[in-house]
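Engineer:
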Amino acid sequence: MSGAEPADDEIRFERRGRLGLVTLDRPGALNALSLGMIGALHRQLDAWEADDGVTRVAIRGAGGRAFCAGGDVRHVYALGRAGRLDDVFAFWAAEYRLVVRMQAYPKPLVALIAGVVMGGGAGISLHGAHRVAAEAYVFAMPEVGIGLFPDVGMTYALPRLPGRLGTYLALTGARVGPGDALAIGLATGFAPARDFDAILDRLAAGGPVAEALDTGAARPPAGALVAARGLIDDAFSGDSVRDILGRLDAAASAGSTFAAETAALMRTRCPTSLYIAREQMRRGPDLDFAQAVLAEYRVVTRLMRGHDFYEGVRAVLIDKDGRPDWRPATLEAVDHDAVLAAFGPAEGPEPRFA
Ligand code: QUE
Numbered sequence: 080m081s082g083a084e085p086a087d088d089e090i091r092f093e094r095r096g097r098l099g100l101v102t103l104d105r106p107g108a109l110n111a112l113s114l115g116m117i118g119a120l121h122r123q124l125d126a127w128e129a130d131d132g133v134t135r136v137a138i139r140g141a142g143g144r145a146f147c148a149g150g151d152v153r154h155v156y157a158l159g160r161a162g163r164l165d166d167v168f169a170f171w172a173a174e175y176r177l178v179v180r181m182q183a184y185p186k187p188l189v190a191l192i193a194g195v196v197m198g199g200g201a202g203i204s205l206h207g208a209h210r211v212a213a214e215a216y217v218f219a220m221p222e223v224g225i226g227l228f229p230d231v232g233m234t235y236a237l238p239r240l241p242g243r244l245g246t247y248l249a250l251t252g253a254r255v256g257p258g259d260a261l262a263i264g265l266a267t268g269f270a271p272a273r274d275f276d277a278i279l280d281r282l283a284a285g286g287p288v289a290e291a292l293d294t295g296a297a298r299p300p301a302g303a304l305v306a307a308r309g310l311i312d313d314a315f316s317g318d319s320v321r322d323i324l325g326r327l328d329a330a331a332s333a334g335s336t337f338a339a340e341t342a343a344l345m346r347t348r349c350p351t352s353l354y355i356a357r358e359q360m361r362r363g364p365d366l367d368f369a370q371a372v373l374a375e376y377r378v379v380t381r382l383m384r385g386h387d388f389y390e391g392v393r394a395v396l397i398d399k400d401g402r403p404d405w406r407p408a409t410l411e412a413v414d415h416d417a418v419l420a421a422f423g424p425a426e427g428p429e430p431r432f433a
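Residues in the sequence shown are numbered consecutively from 80, following our numbering.
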């Protein structure tokens, strides 16, 4: 499985002219990031930083269906269930350190995204300078559906999206297609997937990165998300999760299908996760990137000692019954003081992210 060993068969690195090319190559798991892939990528980025011949780095997913579905939460689940919490913490620390490295990487990072980009996949693409979306691009931060929260630097990035879109994405896990992603800045460019090889050739040749990425393809138009901007900004300005749901319910009563569907989706999500995500969005604007990731480490290590993450992964990814038994099961029963306490210093040593 996906332990700490070098992941030669799960991630590939190539030097092509001026380009360092990363291919996530675990298509059977939608290129989800194993600990081996995380370590190998971090080491390769270090090597390419020191290599003056490499002036830009690109990252793509193999298999055509996914860029990257996230961190390998199935493996984390198995470790946690086996009582190997130190290994669980080491996984999150390694993933978060990689994301911090990428956010501050001194050479242009280009993500070529065809298919799913979720969770940790967003973490290794969104913080770089260039995110090129293909036709089948689907972005989501769906962690509140597995008893987790949008991590990998999303405490920093989501509150910096326009209006209240970040809070909406964090609290729903809703999917975003390429047109909306371009409109709100999740994607910075568009290219049909069949043009990715030509883009890589131009990146390898040197020359300005922006020109290499420009295929002249017509951008897809914005969609349902942008159409709902007014409603989203109003409802997700609510002070608490319950206030937000109240505003959505009122809009639904007034005839908004989007509001009704959004409220229904949130009510399937882990109640504690919703409170945590709301608190992240409240704190994020005042944090720098390393502080944001440290906050995430503190929260995630708390959650790894609890119930909901294991129950969420079981219901969504293992048994796939889609019926998680959240504890507590209702928003009313969530202990808000415990949520705030989860943002306090972690038990035991904390990794350094800055
Ligand atoms: C929330 C998540 C993840 C998820 C589903 C969620 C996640 C993740 C995967 C995933 C998907 C397919 C695989 C796989 C993992 O799904 O982080 O190994 O084959 O990696 O609702 O955060």
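Beta carbons: idealized from backbone N, C-alpha and C, even for Gly.
Does the Cβ of GLY198 lie closer than 7 Å to at least one heavy atom of the ligand QUE?
Structural biologist: yes
Engineer: Do ALA212 and ALA260 count as a contact pair if the criterion is CB distance below 8 Å?
Structural biologist: Yes; because the gap between Cβ atoms is below 8 Å, this pair is in contact.
Engineer: Counting pairs of beta carbons, one from the segment 188 to 200 and one from the segment 334 to 344, are three or more of them closer than 8 Å?
Structural biologist: no
Engineer: Between which two residues does the beta strand (DSSP E) harbouring VAL231 extend?
Structural biologist: Looking at the DSSP string, VAL231 is not in any beta strand (DSSP E), and its letter there is neither H nor E.
Engineer: Taking C-alpha atoms, which residue in GLY363, GLU390 and THR380 lies nearest to ARG163?
Structural biologist: Considering only alpha carbons, the answer is THR380.
Engineer: What first and last residue would you give for the alpha helix (DSSP H) that runs through GLY118?
Structural biologist: 114 to 129
Engineer: Give every residue of the same chain whose Cβ lies closer than 7 Å to the Cβ of VAL167, excluding the five residues on either side of it in the sequence, and list them in chain order.
Structural biologist: VAL155, LEU158, GLY159 and MET383
Engineer: Taking the alpha-carbon of LEU227 as reference, which of TYR216, ALA249, GLY245 and LEU240 has the nearest alpha-carbon?
Structural biologist: Check the Cα spacing between LEU227 and each of TYR216, ALA249, GLY245 and LEU240: the tightest is with ALA249.
Engineer: I'd like to check one pair, ILE90 with ALA119: are the Cβ atoms closer than 8 Å?
Structural biologist: yes
Engineer: Taking all protein chains shown into account, do 16 or more other C-beta atoms lie within 10 angstroms of the C-beta of THR234, making it buried, or fewer, making it exposed?
Structural biologist: buried
Engineer: State the Cα-Cα distance for the pair GLN370 and PHE432, rounded to the nearest angstrom.
Structural biologist: 8 Å
Engineer: Candidates GLY302, ARG308, ALA303 and LEU279: which alpha carbon is nearest THR294's?
Structural biologist: Selected option, being the one with the closest Cα: LEU279.
Engineer: In three-state DSSP terms, what is GLU93?
Structural biologist: strand
Engineer: What is the rounded straight-line gap between the Cα of SER113 and the Cα of ARG357?
Structural biologist: Approximately 28 Å, taken between the alpha carbons.
Engineer: Quick check on PRO229: buried or exposed, where buried means 16 or more other Cβ atoms within 10 Å of its Cβ?
Structural biologist: buried
Engineer: Cβ of GLY224 versus every heavy atom of the ligand QUE: is any distance shorter than 7 Å?
Structural biologist: yes
Engineer: Over what stretch of residues does the alpha helix (DSSP H) that includes GLY391 continue unbroken?
Structural biologist: 387 to 392
Engineer: Hey, would you say ALA338 sits closer than 8 Å to ALA314, going by beta carbons?
Structural biologist: In contact: ALA338 and ALA314 (Cβ atoms closer than 8 Å).
Engineer: Measuring CB atoms only, is the segment 120 to 136 touching the segment 169 to 181, in the sense that at least three cross pairs come out at less than 8 Å?
Structural biologist: Yes: at least three Cβ pairs fall under 8 Å.
Engineer: Under three-state DSSP, which class holds THR102?
Structural biologist: strand
Engineer: Per the DSSP calculation, ARG210 is bridged to which residue(s)?
Structural biologist: ALA190
Engineer: Compute every distance between the C-beta of LEU344 and the non-hydrogen atoms of the ligand QUE, then say whether any falls below 7 Å.
Structural biologist: Not under cutoff, so the answer is no.
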